[in-house]
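Chemist: Under my numbering, think of the first position of the sequence shown as 7, with each following residue one higher.
Note that beta-carbon positions come from the ideal geometry of N, C-alpha and C, so glycine has one too.
One structure, pasted below without further comment.
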Amino acid sequence: MISVNLTSKVSANHLTVQKDGEEYTIGDPEQSIYIRIPIEGVLTIELMDGINTLDEISDLLKKNHDVEVDIIDFVETLLELNLIHKFNDEVLVALKASNNEGGIREKVGRFFFNKFAVLIYLTSFIASVIIFTYNPEFLPSYQDYFIFNESVGLSLLILFLISWSLTILHESAHYFAAVSLGVPVNFKISIRWFWMVIEANMNSLWSIERKKRYLPFLAGMAWDSVILLLALVFQYIYQQDLIIVGYMRLIVLIQIYKFLWHLLIFFRTDLYYVLITITNSSNLLGQAVLYLKKIYSKSARIEWSKLKQNEQAISRVFSFIYLVGIFSAILLFSFFSIPGFLIAVSKAITNLANNSWQSLYFWDGTIVIVLAFFNLALWIVGAYNRSKELKRAT
Numbered sequence: 007m008i009s010v011n012l013t014s015k016v017s018a019n020h021l022t023v024q025k026d027g028e029e030y031t032i033g034d035p036e037q038s039i040y041i042r043i044p045i046e047g048v049l050t051i052e053l054m055d056g057i058n059t060l061d062e063i064s065d066l067l068k069k070n071h072d073v074e075v076d077i078i079d080f081v082e083t084l085l086e087l088n089l090i091h092k093f094n095d096e097v098l099v100a101l102k103a104s105n106n107e108g109g110i111r112e113k114v115g116r117f118f119f120n121k122f123a124v125l126i127y128l129t130s131f132i133a134s135v136i137i138f139t140y141n142p143e144f145l146p147s148y149q150d151y152f153i154f155n156e157s158v159g160l161s162l163l164i165l166f167l168i169s170w171s172l173t174i175l176h177e178s179a180h181y182f183a184a185v186s187l188g189v190p191v192n193f194k195i196s197i198r199w200f201w202m203v204i205e206a207n208m209n210s211l212w213s214i215e216r217k218k219r220y221l222p223f224l225a226g227m228a229w230d231s232v233i234l235l236l237a238l239v240f241q242y243i244y245q246q247d248l249i250i251v252g253y254m255r256l257i258v259l260i261q262i263y264k265f266l267w268h269l270l271i272f273f274r275t276d277l278y279y280v281l282i283t284i285t286n287s288s289n290l291l292g293q294a295v296l297y298l299k300k301i302y303s304k305s306a307r308i309e310w311s312k313l314k315q316n317e318q319a320i321s322r323v324f325s326f327i328y329l330v331g332i333f334s335a336i337l338l339f340s341f342f343s344i345p346g347f348l349i350a351v352s353k354a355i356t357n358l359a360n361n362s363w364q365s366l367y368f369w370d371g372t373i374v375i376v377l378a379f380f381n382l383a384l385w386i387v388g389a390y391n392r393s394k395e396l397k398r399a400t
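Right, here's the structure in full:
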C-alpha cells in the first residue's frame with residue numbers, strides 16, 4: 007500500500023478538466039474514470055506536476071489562492087480511483103501515445119454530424135410529428151408486429167432481423183457522433199427491468215466541453231427520426247402494395263416504441279444523459295429517488311438535507327418525471343410487449359400441438375420458440391453484465 011505524506015511528489019497532469027455548473031468534472035479518458043470536484047481540487051491538480059511536494063503545493067495554494075485543502079486525503083482518493091500518473095517518480099498509470107487511428111472514422115462522423123445534418127434530423131422529426139397529427143391512420147398498433155397473419159414465426163423472424171438492424175444503426179449513430187469528437191466508444195448488453203438493451207459507453211464525453219456532448223447523446227434518436235420519416239413516406243407512396251406497407255408499418259412501430267422508450271429516462275436512456283448534462287447533475291436519478299424515499303426514511307431525509315438548494319429543486323421535478331416514467335413503462339409493457347408476446351406464444355403452441363413435424367406450421371411455431379430462447383439467452387447475458395455493474399458500484 008502506498009504511503010502518502012507531505013514530502014510525496016505526485017503527477018496528475020494527464021487528467022482532463024471540464025467545468026460543469028459550480029463544480030468540475032475531472033478524469034482519465036483512457037480509463038473512462040470521472041469524478042466531480044470543487045474548484046479547490048482543480049487548483050490542486052494543476053500543481054501536481056511531479057516536481058512540487060505535497061507540502062509545497064499546500065503552501066502555493068495558500069499563498070496564491072488563499073485555499074486550504076486536506077491534500078493527503080485528496081491524493082489518497084485519487085490513488086484509490088487510479089487517477090495518479092506518477093507517485094514519487096513511480097509510474098502508476100501508463101499514458102498512451104496519441105495516434106490517428108480514428109482519422110477516417112472521425113471524417114465519417116463529421117460528415118453525418120454537422121450543422122446541416124442536424125437540420126435534416128430535426129426536420130425529419132418535426133415532419134413525422136406533423137404526419138401523425140394530420141394522418142393518425144399512420145399510427146401503428148401491436149398487430150403490426152405480424153406482417154404475415156398465417157405465419158407468426160416468419161413474422162417474428164422478420165421483426166427480429168429488422169429490429170436488430172435498426173438497433174445497430176441507432177448505436178452506430180452514437181459511435182460516429184462520438185468518434186467525430188475523438189471520443190472512444192464501446193458497447194455492451196445490459197437490462198432495464200424486463201427489457202434487454204444495448205448500451206453505448208461514451209463516458210469519455212465528460213472530458214470535453216458540455217455543449218459538445220449533446221449531439222452524441224442524441225445521435226441515435228436523430229437517425230431514428232430519419233428512418234421513421236422515410237418509412238412513413240414509403241408507406242404513403244406504396245399504399246396500394248400491402249407487403250411494402252406491412253414492412254413500413256413494422257418499422258414505424260419499432261421506431262415509435264424506441265422513442266417512447268427514451269422517454270423512460272429513469273432507465274438512463276439517451277434523454278437521461280441529456281438532462282444530467284443540462285442540469286449539471288452527476289446523480290440526478292439517485293437524488294430523485296432520495297426525494298421520494300425521504301417521505302418514509304429518516305436516513306434519506308438526512309442525506310436530502312445535505313444537498314444544495316438547486317439540486318433539491320431539480321430533484322423534485324425529476325422525481326415527478328420518474329413516477330410518470332414508471333407509469334409509462336407499465337403502459338408500454340402492457341399494451342405493446344405483453345399482447346404481442348401472448349399472441350405469438352399462443353399461436354406457436356397451437357401450431358406445435360396441432361401439426362406434425364412435416365408441416366410448415368409446426369416449423370413456424372418452432373421459430374417462435376427458438377427466438378424466445380435466443381432472446382432469453384441475451385437477457386441473461388444482459389442481467390449478468392448489469393449485476394457486475396452493480397457490484398462495482400458498491
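For W369, which residues of its own chain have a beta-carbon under 8 Å away from its beta-carbon, when the five flanking residues on both sides are left out?
Modeler: Against the sequence shown, residue 369 aligns to sequence position 363. So the list reads G159, W363, once near-sequence residues are dropped.
Chemist: Quick one: what's T3 bridged to in DSSP?
Modeler: The displayed coordinates of the chain run from 7 to 400. Any statement about residue 3 would go beyond what the structure contains.
Chemist: Is A179 closer than 8 Å to A228 when the C-beta atoms are compared?
Modeler: Within the sequence shown, the letter at position 222 stands for residue 228. Within the sequence shown, the letter at position 173 stands for residue 179. Result yes, Cβ atoms of A228 and A179 sit closer than 8 Å.
Chemist: Indicate whether L277 and H268 have their beta-carbon atoms separated by less than 8 Å.
Modeler: Within the sequence shown, the letter at position 271 stands for residue 277. Within the sequence shown, the letter at position 262 stands for residue 268. Yes.
Chemist: Which residues does DSSP pair with R42 in a beta bridge?
Modeler: Your numbering for residue 42 matches position 36 in the sequence shown. BP columns for R42 point to T31.
Chemist: Run through the DSSP bridge pairs and tell me what A206 is partnered with.
Modeler: Along the sequence shown, one-based indexing puts residue 206 at 200. F193.
Chemist: In the DSSP assignment, the alpha helix (DSSP H) including T173 goes from what residue to what residue?
Modeler: As a first step, residue 173 is located in the sequence shown; it is residue number 167 there, counting from the start. Note, T173: alpha helix (DSSP H), 158–185.
Chemist: For W288 and S325, I'd like the C-alpha separation in whole angstroms.
Modeler: The residue you call residue 288 lines up with position 282 of the sequence shown. The residue you call residue 325 lines up with position 319 of the sequence shown. For the record, residue 288 in the displayed sequence is Ser; it is not Trp. Cα atoms of S288 and S325: separation of roughly 15 Å, rounded to the nearest angstrom.
Chemist: Within the continuous alpha helix (DSSP H) that includes G115, where are the two ends?
Modeler: Here residue 115 corresponds to residue number 109 of the sequence shown, with the count starting at 1. Looking at the DSSP string, the run of the alpha helix (DSSP H) that includes G115 is 109–118.
Chemist: According to the neighbour-count rule (16 or more other Cβ atoms, all chains shown, within 10 Å of its Cβ), is W170 buried or exposed?
Modeler: Within the sequence shown, numbered from 1, the residue matching residue 170 stands at position 164. Taking all protein chains shown into account, W170 has fewer than 16 neighbouring C-beta atoms within 10 Å of its C-beta and is therefore exposed.
Chemist: Answer with buried or exposed for H176, where buried requires no fewer than 16 other C-beta atoms within 10 angstroms of its C-beta.
Modeler: For the purposes of this step, residue 176 is identified with residue 170 of the sequence shown, where counting begins at 1. So H176 ends up on the buried side.
Chemist: Output the boundary residues of the alpha helix (DSSP H) element that contains V135.
Modeler: Working through the sequence shown from its first residue, we reach residue 135 at position 129. Its alpha helix (DSSP H) spans residues 121–140.
Chemist: Buried or exposed: K113, going by 16 or more other Cβ atoms within 10 Å of its Cβ?
Modeler: As a working mapping, residue 113 is identified with position 107 in the sequence shown. The residue is exposed, with fewer than 16 neighbouring Cβ atoms inside 10 Å.
Chemist: Can you list, in chain order, the stretches of the alpha helix (DSSP H) that have 4 or more residues and sit fully within the stretch 275–346?
Modeler: List check, alpha helix (DSSP H) in window: 276–285, 290–299, 304–311, 315–338.
Chemist: Apply the 10 Å Cβ neighbour rule to T13 and answer buried if 16 or more other Cβ atoms are within range, or exposed otherwise.
Modeler: Counting from 1 along the sequence shown, the entry for residue 13 is found at position 7. T13 should be labelled exposed.
Chemist: Would you tell me roughly how many angstroms separate the C-alpha atoms of D49 and L67, rounded to the nearest one?
Modeler: Here residue 49 corresponds to residue number 43 of the sequence shown, with the count starting at 1. Here residue 67 corresponds to residue number 61 of the sequence shown, with the count starting at 1. The residue you asked about is not Asp; residue 49 is Leu in the sequence shown. Approximately 7 Å, taken between the alpha carbons.
Chemist: Quick check on H91: buried or exposed, where buried means 16 or more other Cβ atoms within 10 Å of its Cβ?
Modeler: If you number the sequence shown from 1, residue 91 lands on position 85. Buried: at least 16 other Cβ atoms inside 10 Å.
Chemist: Would you report the Cα separation of N360 and L384, rounded to the nearest angstrom?
Modeler: On the sequence shown, residue 360 is found 354 positions in, with the first residue counted as 1. On the sequence shown, residue 384 is found 378 positions in, with the first residue counted as 1. Going by the C-alpha atoms only, they are around 30 Å apart.
Chemist: With 16 as the cutoff for other CB atoms within 10 Å, does G47 come out buried or exposed?
Modeler: Taking the sequence shown and counting its residues from 1, one reaches residue 47 at position 41. It is buried - the Cβ of G47 has at least 16 other Cβ atoms within 10 Å.
Chemist: Should S171 be counted as a contact of the ligand GTP given a C-beta to heavy atom distance under 7 Å?
Modeler: In terms of ligand content, the structure shown is empty, and the ligand GTP therefore cannot be addressed.
Chemist: DSSP state of V258, grouped into three classes?
Modeler: Here residue 258 corresponds to residue number 252 of the sequence shown, with the count starting at 1. Three-state result, V258: helix.
Chemist: So, for A350: in the same chain, excluding its five sequence neighbours on each side, which residues have a beta-carbon less than 7 Å away from its beta-carbon?
Modeler: On the sequence shown, position 344 is the one that residue 350 refers to. Contacts found: V158, L162, V374.
Chemist: Are the Cβ atoms of S305 and G33 separated by less than 8 Å?
Modeler: Taking the first residue of the sequence shown as 1, we reach residue 305 at position 299. Taking the first residue of the sequence shown as 1, we reach residue 33 at position 27. It is not a contact, given that the beta carbons lie outside the stated cut-off.
Chemist: Where does Q241 land, buried or exposed, given buried means 16+ other C-beta within 10 angstroms?
Modeler: For the purposes of this step, residue 241 is identified with residue 235 of the sequence shown, where counting begins at 1. Its Cβ being crowded by 16 or more others within 10 Å, Q241 is buried.
Chemist: CB-CB under 6 Å to R111, same chain, minus the five flanking residues each way: which ones, in chain order?
Modeler: As a working note, residue 111 is residue 105 in the sequence shown. Answer for R111: V185, listed in chain order.
Chemist: Evaluate F272 with the Cβ neighbour count: other Cβ atoms within 10 Å of its Cβ, from every protein chain shown; 16 or more gives buried, anything less gives exposed.
Modeler: For the purposes of this step, residue 272 is taken as residue 266 along the sequence shown, with counting starting at 1. Around the beta carbon of F272, a 10 Å sphere encloses 16 or more other beta carbons of the protein chains shown; the residue is thus reported as buried.
Chemist: Check the C-beta distance from N58 over to K15 and give it rounded, since I have them as a contact under 8 Å.
Modeler: Along the sequence shown, read from residue 1 onward, the residue named residue 58 stands at position 52. Along the sequence shown, read from residue 1 onward, the residue named residue 15 stands at position 9. At roughly 7 Å, the Cβ-Cβ gap stays under 8 Å, so N58 and K15 are in contact.
Chemist: Starting from D150, trace the alpha helix (DSSP H) in both directions and tell me its first and last residue.
Modeler: Locating residue 150 in the sequence shown gives position 144, where the first residue counts as 1. No alpha helix (DSSP H) contains D150, which DSSP labels as neither H nor E.
Chemist: What is the DSSP secondary structure of N94, counted as helix, strand or coil?
Modeler: Stepping through the sequence shown from its first residue, residue 94 is reached at position 88. Three-state result, N94: coil.
Chemist: Ordered along the chain, which non-local residues of its own chain (more than five positions away) have a Cβ less than 6 Å from that of P345?
Modeler: Taking the first residue of the sequence shown as position 1, residue 345 is located at position 339. If we look at P345 and ignore the five residues flanking it on each side, its Cβ neighbours are Y148.
Chemist: For E317, does the count of other Cβ atoms within 10 angstroms reach 16, so buried, or fall short, so exposed?
Modeler: Looking up residue 317 in the sequence shown gives position 311. Flag for E317 reads buried.
Chemist: State the CB to CB distance for the pair F144 and L238, rounded to an integer number of angstroms; the pair is presumed to be in contact (CB under 8 Å).
Modeler: Here residue 144 refers to the residue found at position 138 of the sequence shown. Here residue 238 refers to the residue found at position 232 of the sequence shown. Confirmed, about 6 Å.
Chemist: For I282, does the count of other Cβ atoms within 10 angstroms reach 16, so buried, or fall short, so exposed?
Modeler: Residue numbering aside, residue 282 sits at position 276 when the sequence shown is read from its first letter. Counting Cβ neighbours within 10 Å, I282 comes out buried, since at least 16 surround it.
Chemist: Between the C-alpha atoms of V10 and D79, what's the straight-line distance to the nearest angstrom?
Modeler: Within the sequence shown, the letter at position 4 stands for residue 10. Within the sequence shown, the letter at position 73 stands for residue 79. Answer to the nearest angstrom: the Cα atoms are 9 Å apart.
Chemist: What is the DSSP secondary structure of D247, counted as helix, strand or coil?
Modeler: Here residue 247 refers to the residue found at position 241 when the sequence shown is read from its first residue. It is coil, neither helix nor strand.
Chemist: Using 8 Å as the threshold, is the C-beta distance between R255 and P146 below it?
Modeler: What you label residue 255 is simply residue 249 of the sequence shown in a count that begins at 1. What you label residue 146 is simply residue 140 of the sequence shown in a count that begins at 1. Yes, Cβ-Cβ distance for R255 and P146 is below 8 Å.
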